[in-house]
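Undergrad: Let me give you the structure first, and then I'll get to my questions.
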Amino acid sequence: MMEEKIRAFIAIELDPEIKTVIQSFETSVKTKAPSGLRWVKIDQLHLTLKFLGDITIIQAKQLSNTISDVVEDYHPFKLQVSGTGAFPNWRYARTLWAGINKSDELTSLFKQLDAEIAALGFLPEGKPCSPHLTLCRVSDHVDPHLVQPLQKEFDVFLTVTLPAWKVNEVVFFKSVLQPGGPIYTPISKHILK
């Protein structure tokens, strides 16, 4: 009998005030955007620390314990949205994002979580911490040249100074893929000391 698997990731949730500002920005940009852009639902916007993919229930318990062990070494810290961009670049945009300022605490947390999770047999990230919020994905059928003009709108968003928000917890999420988009449900929440 095959063991049940869940799709999971570890993330930091955003302050509601930040989500409100981003939602206003997205609302104005959507009127100028080509169709075929899949915008992340504002209530699902988060900062991913580690995508785990499909895991077993046993692995989920191990991961939850590991996250608790790592997080207890950290005090609350502040983050701020800083900059926007596109992956791989604006000319061939597939993902549009808002950056997060790099903080020593975030980088340390990212590295420590990655190392401890790798010790459980998961693949390490293999790349440095590059914190960002995925705002939208560009469907394959959309001509990237139609997306490139949005760069101006995103650059204007850079001029808006968003307040810093205090990170008080790390959340271990389950993700269920649905036709209307994924549904994220917390498996466990881990409070920073």
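In our numbering, the protein residues as written are 13 to 205. Heads up, the beta-carbon is just placed ideally off N, CA and C, and yes, glycines get one too.
Roughly how far, in whole angstroms, is the beta-carbon of residue 177 from the beta-carbon of residue 30, given that I think they are within contact range, below 8 Å?
TA: 6 Å
Undergrad: For the structure I just gave you, are there three or more beta carbon pairs, one from the region 117-128 and one from the region 71-88, closer than 8 Å?
TA: yes
Undergrad: According to DSSP, simplified to helix, strand and coil, what is residue 52?
TA: Coil, per DSSP.
Undergrad: Apply the 10 Å Cβ neighbour rule to residue 58 and answer buried if 16 or more other Cβ atoms are within range, or exposed otherwise.
TA: buried
Undergrad: Along the chain, where does the alpha helix (DSSP H) that runs through residue 37 open and close?
TA: 28-42
Undergrad: When you compare the region 159-166 with the region 97-108, are there three or more beta-carbon pairs, one atom per stretch, that lie closer than 8 Å?
TA: yes
Undergrad: So with Cβ pairs under 8 Å, would you call residue 111 a contact of chain B?
TA: The displayed structure is made up of one protein chain only, and chain B is not part of it.
Undergrad: Is it the case that the Cβ atoms of residue 18 and residue 182 are separated by a distance below 8 Å?
TA: no
Undergrad: In its own chain, which residues sit with a C-beta less than 6 Å from the C-beta of residue 33, not counting the 5 before and 5 after it?
TA: 174
Undergrad: Let me make sure I understand the geometry here. Which of 140, 145, 73 has the alpha-carbon closest to that of residue 97?
TA: 145
Undergrad: Shortest alpha-carbon distance to residue 194 belongs to which of 200, 185, 202?
TA: 185
Undergrad: Taking the alpha-carbon positions, what's the residue 179 to residue 100 distance?
TA: 28 Å
Undergrad: CA-CA distance, residue 62 and residue 128?
TA: Looking at the backbone, the Cα of residue 62 and that of residue 128 are separated by about 12 Å.
Undergrad: Threshold first: 3 residues or longer. Then list the beta strand (DSSP E) segments lying entirely within the region 59-100, N to C.
TA: 89-91, 93-99
Undergrad: Alpha carbons only, please: which of 94, 192, 191 is nearest the one belonging to residue 114?
TA: 94
Undergrad: Would you decide whether residue 67 is buried or exposed? Buried here means 16 or more other CB atoms lie within 10 Å of its CB.
TA: buried
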